[in-house]
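Shown next, in structure tokens, is the structure this report addresses.
Numbering (our numbering), first residue to last: 3 to 317.
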């Protein structure tokens, strides 16, 4: 069991959506935290419990093995949150998800790090039609080369600053239509970001999972269509839901990918072809006693300011 007395936790991807919540929670609990990111210096503006000497911000790319080794040196535990939503020329699924984790495992072996906690994704499979899911699976296999690890596969994660709920809330503000890709039948188990962080902390503090995978999600299993309807209900807007078959959605995504920041990609369309829910084999409840917050209640809190003021995405 790990205790937090002078434990140093390195969080790779600490400036991301999940990372900011995790870093704040780690600092609240008294851990020393290395926030590792390509733009780590911005974290001071984003954490609420910053204490002098308790948190270091370090610029480092997981693709740079030598710098990564120097960066995590002295850490007790490394938490890897790095994940791409879109594959680009310099940062591809392969060189970030796979080669990056090879670097991480190699560095942790050299430094005799106690444990790696790695964030993967539900749907990580060898034969997946999605490159994202396939490379997440490859990364999981690489972790078998380290002495002690936990792999956490969440369903879709929501909360302030997420890239899913907020995206469709934003679209609904400017468009009379919302897309029902594949008739909106894909099922999810949305998990509130702080619930995910709390589960990570439980494993960190109690050392519950050893060399195994857990899948985590909320209590509610809800379809893509039901999520869109819930968003519209909360922000009190009526919009037309338009069914878009997967084949047409893929063609539309091809053009979207030409933009600097695509709203959706062909690879994400592939992910939508399979339900994103917890499997019986890897259900976290077999090993961790934790009850997640209801989706409807947390969604309402998330979109409250959006409804009143037009949202923190619109000035």
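All C-beta atoms in this analysis are idealised placements derived from N, C-alpha and C, irrespective of residue type, glycine included. The structure presented is a predicted model; accordingly, all values stated were derived computationally and were not measured.
Where do the ends of the beta strand (DSSP E) carrying residue 179 lie?
Position 177 of the chain shown, counted from the first residue, corresponds to residue 179. Its beta strand (DSSP E) spans residues 179 to 183.
Starting from residue 152, trace the alpha helix (DSSP H) in both directions and tell me its first and last residue.
The residue labelled residue 152 in the question sits at position 150 within the chain shown. Per DSSP, residue 152 belongs to no alpha helix (DSSP H); it is in the beta strand (DSSP E), 151 to 156.
Residues bridged to residue 120 (per DSSP):
Residue 120 sits at position 118 when you count from the first residue of the chain shown. Answer is 82 and 153.
Which whole-angstrom value describes the C-beta separation of residue 158 and residue 218, a residue pair presumed to lie in contact below a C-beta threshold of 8 Å?
To locate residue 158, count along the chain shown from 1; it is residue 156. To locate residue 218, count along the chain shown from 1; it is residue 216. Their Cβ separation, rounded to whole angstroms, is 11 Å, which puts residue 158 and residue 218 out of contact at 8 Å.
Quick one: measure Cβ to Cβ for residue 133 and residue 89, integer angstroms, because I've assumed they're closer than 8 Å.
In the chain shown, residue 133 corresponds to position 131, counting from 1. In the chain shown, residue 89 corresponds to position 87, counting from 1. Contact flag correct, Cβ pair sits at about 6 Å.
Nearest CA to the CA of residue 17: which residue from 32, 186 and 57?
Counting from one through the chain shown, the residue named residue 17 turns up at place 15. Comparing Cα positions, the closest option is 57.
Spatially closest choice to residue 234 from 169, 246 and 198, by CA coordinates
Here residue 234 refers to the residue found at position 232 of the chain shown. For residue 234, the nearest C-alpha among the options comes from 169.
Are the stretch 257 to 272 and the stretch 100 to 120 touching, with three or more C-beta to C-beta distances below 8 Å?
Look at the beta carbons and you see the stretch 257 to 272 not touching the stretch 100 to 120: under three pairs across the two are nearer than 8 Å.
On the CB-based measure, 16 or more other CB atoms within 10 Å of its CB, does residue 278 come out buried or exposed?
Position 276 of the chain shown, counted from the first residue, corresponds to residue 278. The residue in question, residue 278, is buried, as its Cβ has 16 or more Cβ neighbours within 10 Å.
According to DSSP, residues forming a beta bridge with residue 59
If you number the chain shown from 1, residue 59 lands on position 57. Answer is 37.
DSSP bridge partner residues for residue 217 (one or two, in chain order)
Taking the first residue of the chain shown as 1, we reach residue 217 at position 215. The partner list for residue 217 (beta bridge, DSSP) reads 155 and 285.
Where does residue 36 land, buried or exposed, given buried means 16+ other C-beta within 10 angstroms?
Counting from one through the chain shown, the residue named residue 36 turns up at place 34. Residue 36 comes out buried.
Which of the three DSSP states, helix, strand or coil, is assigned to residue 166?
Your numbering for residue 166 matches position 164 in the chain shown. Reduced to three states, the DSSP call for residue 166 is coil.
When 185, 20 and 128 are compared against residue 164, the one with the closest alpha-carbon:
To locate residue 164, count along the chain shown from 1; it is residue 162. Nearest C-alpha to residue 164: 20.
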